[in-house]
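Take a look at the structure set out below.
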Amino acid sequence: MSLYIGREATKLWKRICAETTTEINLLVENWKYILGGLICQYIHGLAARGVHYFHRPGPILKDTGFFLLPELGQERAYVSETVFSFVFLSFVLWTFHPFIFKSKKIYTVLIWCRVLAFLVACQILRIITFYSTILPGPNYHCREGSRRATLPRPDNLLEVLLIIPRGVLFGCGDLIFSSHMIFSLVFVRTYQKYGARRFIKQCAWLVVVVQSLLIIASRKHYTVDVVVAWYTVNLVVFFVDHKLPEMPDRSLSALLLPVNKDSQMKEEGAKLVNGNSGDPVDRRLRSQANGKVNEDGDNVHIEVVDGS
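Numbering (the numbering used here), first residue to last: 171 to 478.
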């Protein structure tokens, strides 16, 4: 038993080392895209904090979702954050699964290049939107009477540039459209395309729908913030995905290797000798040995004689 466990552990370690080498090579080639995407994440956080300085609390706007969905209350506001954290961590772990499991369809570096491209495009639109019209936040800490509803004038530039997690959680003014929905929809659409489990895909979409309702019920966003996120993110991902080059299939490892013309010619010659040519005309001629083939429209008769 211990021998079997040791053998499997050795295989796992070799797989991790081989995968790490491959991903490092891909990271060396694509580090600019990864770094650019991460910098844009910081800029997005900086913009969300900046709009908080301009936010002024006011009466909550009339909202259909607030009328239809009961309010969870401030003490249960963590529920929607818990669902979002589950979606976020699940996706991150899935992108790193090639390091552990044998069935590998994606490259971690390439999938994150793609995801960051989706996020950046959506977040640029989001920044433009919430700076265009600053709405009074419906969240509890953004309402009138809360000391967090407005930020005091910064004393220095470092206070503006330094983003802390607590400030992100208690932001106000960055409403249209929901950042939580951007991340969740981008993650689910990416798994929909590159994931392997149909059941998980169905569950993922269900979880995102539930998260949408929880965000509204927690009064973290207006209904319009969630609705706009649904169609904007899906459209952005659709168009950006068609502009990006398709990721190579891991099952076709030859795509990542240089092609040797001599070996390719030998392979084609072997196919011809063995009668396995990929040419459909050649296959049809061989299948009808000693017969006549009449090509429509050309009046050409081809006589095939059996060499045996």
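Glycine residues also receive a C-beta, built at the ideal position from the N, C-alpha and C atoms.
{"Check": "Express the C-alpha separation of Leu-384 and Val-249 in angstroms, rounding to a whole number.", "Outcome": "7 Å"}
{"Check": "Which of the three DSSP states, helix, strand or coil, is assigned to Pro-268?", "Outcome": "helix"}
{"Check": "With a 10 Å radius around its C-beta and 16 neighbouring C-beta atoms as the bar for buried, classify Lys-202 as buried or exposed.", "Outcome": "exposed"}
{"Check": "Do Val-257 and Gln-381 come within 9 Å of each other at the CB atom, strictly closer than that value?", "Outcome": "yes"}
{"Check": "Whole angstroms are fine: how far does the CA of Ile-333 sit from the CA of Arg-389?", "Outcome": "24 Å"}
{"Check": "From Ile-352 to Val-403, what does the alpha carbon distance come to, in whole angstroms?", "Outcome": "6 Å"}
{"Check": "Does DSSP put Thr-191 in a helix, a strand or coil?", "Outcome": "helix"}
{"Check": "Can you look up Arg-177 in the DSSP assignment and give me helix, strand or coil?", "Outcome": "helix"}
{"Check": "With DSSP as the reference, label Lys-274 as helix, strand or coil.", "Outcome": "coil"}
{"Check": "Using three-state DSSP, classify Tyr-310 as helix, strand or coil.", "Outcome": "helix"}
{"Check": "Give the secondary structure of Val-451 by DSSP, where H, G and I count as helix, E and B as strand, and everything else as coil.", "Outcome": "Since pLDDT at Val-451 reaches only 40, below the 50 mark, its modelled position is unreliable, and the value read off the structure follows with that caveat. Val-451 falls in the helix class under three-state DSSP."}
{"Check": "Where does Pro-240 land, buried or exposed, given buried means 16+ other C-beta within 10 angstroms?", "Outcome": "exposed"}
{"Check": "Cβ of Tyr-361 within 9 Å of Cβ of Phe-266?", "Outcome": "no"}
{"Check": "Figure out for me which residue from Ala-247, Ile-194, Ile-270, Glu-251 has the closest Cα to the Cα of Val-179.", "Outcome": "The displayed chain sequence assigns Ala, not Val, to residue 179. Here the closest residue by C-alpha is Ile-270."}
{"Check": "Compare the beta carbon distance of Thr-299 and Phe-357 with 9 Å and say whether it is the shorter of the two.", "Outcome": "no"}
{"Check": "Put Trp-400 into one of helix, strand or coil per three-state DSSP.", "Outcome": "helix"}
{"Check": "Can you give the beta carbon distance from Arg-359 to Val-290, rounded, assuming they're within the 8 Å contact cut?", "Outcome": "With 8 Å as the limit, Arg-359 and Val-290 do not qualify as a contact, their Cβ atoms being about 15 Å apart."}
{"Check": "What's the gap between the Cα of Gly-215 and the Cα of Leu-280?", "Outcome": "24 Å"}
{"Check": "Taking the Cβ atom as the reference point for each residue, do Leu-414 and Ala-287 lie within a distance shorter than 9 Å?", "Outcome": "yes"}
{"Check": "Could you work out which residue in Tyr-174, Asp-419, Cys-373, Leu-208 is closest to Gln-293 when comparing CA atoms only?", "Outcome": "Leu-208"}
{"Check": "Give me the residue from Cys-187, Pro-229, Lys-184, Val-285 with the minimum Cα distance to Gly-206.", "Outcome": "Val-285"}
{"Check": "Would you say Lys-274 and Arg-420 are within 9 Å of each other, going by their C-beta atoms?", "Outcome": "yes"}
{"Check": "Pairing CB atoms from the stretch 318-330 with CB atoms from the stretch 221-229, are three or more of them under 8 Å?", "Outcome": "yes"}
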